[in-house]
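Quick notes on the structure that follows.
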Amino acid sequence: MMGNENLINILGLSGIIAILSLVIVLVLKMEKIKHMRNENELLRRSLDEMDEQAKLIVRTDMELNKTQEELDKKMTGLYALQRVSRSISTTLEESQMFKRIDSKCLDELGFEKTCCFLWNNSNEKFELRLCMGYAEEEIGKLYSFAQDNRQLFLGLINGDSNLSSLSFKEEAGLKNAITHTFGVHSFVIAPVLPKEGQKGFLFAGTQNLDFAITEGDEELISILANQLGQALENARLFEKTWLAQQGLEKKVEERTRALSQALEEVKIISRRKTDFVSAVSHELRTPLTSIKGYASILLAGNLGKVPQEVFSRLEKINKHSDELTHMVNDLLDISRIESGRVAMKPVPQDLIIILEKVGDLLGVQLKERGLELIVNISPDALTVLADSEQLSRIFINIIGNALKFTPPGGKITVRSQKRDHLVEIDVSDTGCGIPLESKERIFEEFYRVENPINEQVKGTGLGLALVKHIIEAHGGKIWVESKIGAGSTFSFTLPAAA
Amino acid sequence: MGIYYSPMNNIKAGFGLSLKRDYLQATRDAFQQAQKNMEKETADLAIVISSPEFAHSGTLSALKNFLGPATALIGASSRAVISNYGISKQSLGVLLLKLPQGAYCNAACIQKIKDREPHEAGEELGEKLLRGFKGIRKDFGLILSDMAPKENSGLIAGLQERLGLSFPLIGASLLDELNLFRPSIYFEQQPLKDSAAAIIIGGKLNFGVGVKHGWRPLGKPRLVTKSENNVVYEINGASATNLYEEYFNCDLAKLKKELARISVFYPVGIHVKEAQEYLLRSVASIEDNGSLCFQGNIPEGSTIRLMIATKDSCLEATKYATREANSYLGGANAKLVLVFNSFSRYKLLGDDSAKDIDIIKGEFGENTPVIGLLSCGEQAPLASIDYRGKAYFLNHSILVLVIGD
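Those protein sequence lines, which keep their order, are chains A and B.
Each step along the first sequence adds one to the number in my numbering, with nothing skipped, and position 2 is 148.
Each step along the second sequence adds one to the number in my numbering, with nothing skipped, and position 251 is 280.
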């Protein structure tokens, strides 16, 4: 019995221990499950957080991809645009310009189908200037569409606005019509606007469905259209300028020919005049010599004493014969110089020596009229290259004129100065002066200024013409500065002696 | 363009690429370049990859005239042609291949797949390919198709039923579910739509395949709670579109606008037990009912994650795939390389897309002929060739096939 009780006690105790153990294990398991649940919750939360981070990464990546895509597209587009621009700007011929647009460049811009229409105002039709990516049989369809929808395209041209597949939100009909006719999925239409002449539009399209047109694409095609417009403008401007230049050149050529002809005629007339004057002068000199000879014989009384009245008339005949001979000689000299029959013999001439001789020659007259001749020759303008006899004639004529027109008590001043390889000689007087309108004409043959002195003083009107011819024959020139009442200055140049 | 020469005793390969715009000139140009390396031998196979401009019967007829009836022709049009010269638009590439003694190839095509049961079509294609291949070791198969994922998976399943589930089948799908590009499949003289062209090569050919995408998982895993083929209706019990709406913090309308970008840059990845990396699926369309249509099937119950990539991770993937393909050659010299590169990778790499080609040339040699296309889906075993695993339909991947000697 005891044994059974002990066994029962032992079993009972074991059972209690077992139950206790089970309870402990259960409690521990429960703790572990709780811990695992916590861990699981933590893991789940971590996963959710990781997923949230993943979302941020994906969104950022998407934005980066978009930016990269746009950047790549822009870069490629800009390079292509640069190449097209360079290509079209290298020609100034309108027809060549369109031929130089390479389809490869437009491909790189993302558009494999391109065309350009220009509006012809005279026949009110669009003209196709550029067509790429279309077969021959498709072109007619494009023409018809442009013509049928001229109001739309002219509206774009006049409004300087673009139209692209991006522009359409509601008018799907028109978009579909364009995409169908031009055989594209997306497109950009931009106006081509040169300042003058035909304007039009550039169409660029793609049938590539994965090429989504952006505002950047629209901008690139718009830039291309602008450059095309600019290039057209340049070409037209060039053509206009070139045609104007051609016209001008033609006119200049015609005028030059006419002037040459006129000059030839003038030369012929001048030569005839010179020949005529020369012939007449020769013909006049012979009878003049006879007249003067006979007058001299009669005056000398070789044929008997002549009455006083006859004598005074003979003196006049003699004097007028001298004047006439002088005039004839001047005329002959002018004609000889003009025709080149008188060869100048330029040798260094000392101006002071020449002027002293002239002063001696005119000394009596100077004294009679109470005039002072002042010679002021610069040491560096002392010698000129000239024909001695002709140089004296120049001074005699100019100083002689000054003598005639300078009132008593006046001054005649001769100055010289060096001007590069020339010597400029100025002969100034304090005379009555020359009217402005006569300044240029006084060097013409037989021209005489209308003034009271000239009415009293005789002259041929050949002196200054002869002087001008002599100076020009030496390679110099003559001009005059004058003021009425204040005197005149005759200036002329001659080559300086080395 | 220059010509590459493979100085092989057995395999002869020649490649030509023409950028001429006229199709006849381009065809002659590319063929003549490729033929120069064939030492007057007739090619067994011509693989033709061209940009869409050349996808017409004129090009293929002209090329077939040059090739002669004994040369099988398959190929496809692609947005651009991959070659030693980089990735060229508006171009025509021709690869001519003379197989070594004891190696064989058989080409076949199947058309109008939409009008029939895709699985049956796949079986029929498999039977056509196996004709004449009794008792010959089949090395690998290559398939080019322009079908939607649903039809494509049926076709591949039918084909695998005939060829064997673990038979190495590589290929490319050219159809873009976003309808951005309408490809053509080339078989003999015809450019085909709604079709698949395939070849089987067998004998004792030394080849290797490498495939990798370079996308990495991001965020927490989610469960596909309702789907059918390539359409996912619910994820974690909510509308499938919620996944992208949450991540991009936008509504359905805005999400639709971003579809092209989302499809290229942010696919979802399905965890596959036996594979080393996630199986990618890019979004093809976003439906108003909140469902997402993917470029490939996503089975119900799949665990998916949003995926993201960088240029560096993509280029790393190229290196990996190239090395992996090369590793199966057992030290043999590479004689030609075929590349199917996802259009999404091309878009993501942008200006750096030519670096893919540099990596391939760096691995196989500057003058080893390379030809390839931009694909919208790639077919390849996810694991190694040794694994002889089931071929999966992939997105966003670069697939490199190398044949050595």
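From the three backbone atoms N, C-alpha and C, an ideal C-beta is built for every residue, glycine too.
Note that the coordinates shown come from a computational prediction; the quantities given were computed from them, not determined experimentally.
Taking 7 Å as the CB-CB limit, is A200 (chain A) close to chain B?
yes
| Cβ shell of Y375 (chain B) (< 6 Å), same chain only, five flanking positions each side left out | S382, L403
Q) By Cβ distance, which residues of its chain are closer than 6 Å to S413 (chain B), with the 5 residues on each side in sequence left out? A) Per-residue confidence for S413 (chain B) stands at a pLDDT of 44, beneath the threshold of 50, marking its modelled position as unreliable; the derived number appears in the next sentence. Closer than 6 Å at the Cβ level, and outside the excluded window around S413 (chain B), lies no residue.
| request: Could you pull out every residue in the same chain whose Cβ sits closer than 8 Å to the Cβ of L288 (chain B), ignoring the five residues on either side in sequence? | output: L207, V312, S314, I315
Where the beta strand (DSSP E) through G200 (chain B) begins and ends:
198–202
How long is the line joining the alpha carbons of M473 (chain A) and Q391 (chain A), rounded to whole angstroms?
52 Å
Practice prompt. Could you please give the first and the last residue of the uninterrupted beta strand (DSSP E) stretch that includes C405 (chain B)?
Written response: Neither: C405 (chain B) is in no beta strand (DSSP E) and is coded neither H nor E.
Whole-number beta carbon distance between G362 (chain A) and P220 (chain A), since they are thought to touch under 8 Å
What sits at residue 220 (chain A) in the sequence shown is Lys, not Pro. With 8 Å as the limit, K220 (chain A) and G362 (chain A) qualify as a contact, their Cβ atoms being about 6 Å apart.
Point to revise | Element boundaries [alpha helix (DSSP H), containing Q392 (chain A)] | key: 361–446
So, helix, strand or coil for S167 (chain A), using DSSP?
-> helix
| Residues in its own chain within less than 8 Å of L531 (chain A) by CB, not counting five upstream and five downstream? | P492, V493, P494, Q495, H620, L640, P641, A642, A643
| said: Quick check: R166 (chain B) and G231 (chain B), are their CB atoms within less than 7 Å of each other? | reply: yes
>> Beta carbons nearer than 8 Å to chain B: which residues of the segment 311–329 of chain A have them?
In response: none
**Study point:** Identity of the residue in A:S332, A:R431, A:L193, A:G301 nearest S310 (chain A) by Cα
**Key:** A:S332
Contacts that M196 (chain A) makes with chain B (C-beta to C-beta distance below 8 Å):
G248, K249
Put A132 (chain B) into one of helix, strand or coil per three-state DSSP.
coil
>> Which residues in chain A have a C-beta closer than 8 Å to the C-beta of G379 (chain B)? List them in chain order.
In response: Q214, E215, D218
Give the interface partners of A404 (chain A) over in chain B, defined as CB-CB distance under 7 Å, in chain order. Those within 7 Å of A404 (chain A) in chain B number zero; the least Cβ separation is about 58 Å.
| request: Please classify D168 (chain B): does DSSP put it in a helix, a strand, or coil? | output: strand
Quick check on the DSSP output: the beta strand (DSSP E) that includes K503 (chain A) runs from which residue to which? Careful: K503 (chain A) lies outside any beta strand (DSSP E), inside the alpha helix (DSSP H) at 497–515.
Problem set entry | Bounding residues of the beta strand (DSSP E) (the contiguous stretch that carries I315 (chain B)) | 312–315
* Asked: At least one CB of chain B closer than 7 Å to the CB of L193 (chain A): is that the case?
  -> yes
Quiz item: DSSP puts N370 (chain B) in a beta bridge; with which residues?
Solution: B:L403, B:I427
task: Spatial neighbours of A84 (chain B) within its chain, please: CB distance less than 7 Å, with the 5 preceding and 5 following residues excluded, ordered by chain position.
output: S106, S213, P220
Going by the CB atoms, is the gap between A548 (chain A) and D575 (chain A) shorter than 7 Å?
yes
Helix or strand or just coil, what does DSSP make of D533 (chain A)? coil
What is the residue span of the alpha helix (DSSP H) that L92 (chain B) lies within? 86–96
Check: DSSP beta-bridge partners for C343 (chain B)?
Finding: In the DSSP output, where bridge partners are listed per residue, C343 (chain B) has none listed.
> Can you give, in chain order, each stretch of the alpha helix (DSSP H) that sits fully within the segment 272–360 of chain A and has at least 4 residues?
Replying inline: 282–294, 296–305, 318–328
Under 7 Å between C-beta atoms of C138 (chain B) and S202 (chain B): no
### Query
Within the present structure, is the beta-carbon of L517 (chain A) separated from the nearest heavy atom of the ligand COA by less than 6 Å?
In the structure on display, the ligand COA does not appear, and there are no ligands present to speak of.
**Study point:** Residues bridged to M208 (chain A) [DSSP beta-bridge criterion]
**Key:** Per DSSP, none; premise fails for M208 (chain A).
Review point. Interface residues of chain B around D207 (chain A) at Cβ under 7 Å?
Key: I337
In chain B, what lies closer than 8 Å to V204 (chain A) by C-beta? L247, G248, Y276, F277, Y295, L335, I337
- Task: Output, in sequence order along the chain, the residues in the segment 154–185 of chain A whose CB is closer than 9 Å to any CB in chain B.
- Result: none
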